[in-house]
């Protein structure tokens, strides 16, 4: 391998020396041609005869051809002296350039040089790299720059919209408002009155544990019976007896007639247990005496249902067994029994 490399180097040196000799000959010939052109110019200025031969300018892109020694209009043959000035042919091309498929890349910097020189320079640059002083300078290393992460920029338009939303909150959805019916209002009022009555009634107190449950015994006409309905009423209330009630009058209708008084507590129509038919009378309870007196004065004879009602003070306490026994004792003391 080393031997073949040495042979190629020796062959390349021979080719380079041959090219240099050819360049020296061409430079000498170009000097002679320039001298002849100067002499020809002097002769033309002085009106002398033209020299025997004239050599044209050297070509740039190819080998310099010998001049025929004649002007354009002359038909003379070239003199033997001019023929002696023809430069020798260029040496043969290197064997590397004669290989098939060898095509050097075009170079604008050496386009004006002879093709043989261009090929030799191309081959020389391929085989031998340029020295350090001909190489382009290596750029100095750039210092490392620390770059922060991508920064986020807030959109001013979006920010202004958010501020406006904070200032002006969205209106709440409109709720459908319906008008309350009078019947609904009456039912709610009735429910509230029933709750208040239950709280103040004897049964409510018994259920809350405030009092003990007792038996409500009643006596009339020599008979004694137990009335459990009295547990629903307040024993300390002011009660009105309502008579001459129609069959169409219900508890709600009777309560509606007396609900305008603030201390109204309860209204009830007495009915038969088997047929649930009205007995034609009922009771209305008030907590305060003032409302009791006003109701007796204002509502007596007013229509409730299809008939005018008759009002008077209820004497339900006179039928209690305790009250009946006290009266009997008083009669015995007076000697009336």
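Numbering (the working numbering), first residue to last: 36 to 372. Beta carbons: idealized from backbone N, C-alpha and C, even for Gly.
| Item | Value |
| --- | --- |
| When you compare each of 339, 310 and 332 to residue 302 by their alpha carbons, which one comes out closest? | 339 |
| In whole angstroms, what is the alpha-carbon distance linking residue 100 and residue 175? | Any answer about residue 100 is weak, because its pLDDT of 44 lies below 50 and its placement is not dependable; what the coordinates show is given next. One C-alpha to the other measures close to 51 Å. |
| Around the Cβ of residue 173, are there at least 16 other Cβ atoms within 10 angstroms (buried) or fewer (exposed)? | exposed |
| Consult DSSP for residue 351 and reduce its assignment to one of helix, strand or coil. | helix |
| Is DSSP giving residue 293 helix, strand or coil here? | helix |
| Along the chain, where does the beta strand (DSSP E) that runs through residue 300 open and close? | 299 to 306 |
| For a test of the three-state rule: what should DSSP assign to residue 39, helix, strand or coil? | helix |
| Under a CB-based cut-off of 7 Å, is residue 357 close to chain B? | Included in the structure is just one protein chain, with no chain B present. |
| How long is the line joining the alpha carbons of residue 218 and residue 356, rounded to whole angstroms? | 41 Å |
| In the DSSP output, which residue or residues are listed as bridge partners for residue 343? | 338 |
| Check this for me: beta carbons of residue 255 and residue 346, under 7 Å apart or not? | no |
| Helix, strand or coil, according to DSSP, for residue 274 in the structure here? | strand |
| With a threshold of 16 other CB atoms inside 10 Å of the CB of residue 370, please say whether the residue is buried or exposed. | exposed |
| Give me whichever residues DSSP pairs with residue 255 in a beta bridge. | 258 |
| Could you check if residue 292 is buried or exposed, using at least 16 other CB atoms within 10 Å of its CB as the buried criterion? | buried |
| Verify whether the separation of the beta carbon atoms of residue 282 and residue 313 is less than 7 Å. | yes |
| May I ask you to list the residues that DSSP assigns as paired with residue 317? | 277 and 304 |
| Using C-beta distances below 8 Å, list every residue in its chain close to residue 109, excluding the 5 sequence neighbours before and after it, in chain order. | With a pLDDT of only 41 at residue 109, under 50, the local geometry of the prediction cannot be trusted, and the value read off the model is given with reservation. Answer for residue 109: no residue qualifies. |
| Identify the continuous alpha helix (DSSP H) that holds residue 330 and give its terminal residues. | 324 to 333 |
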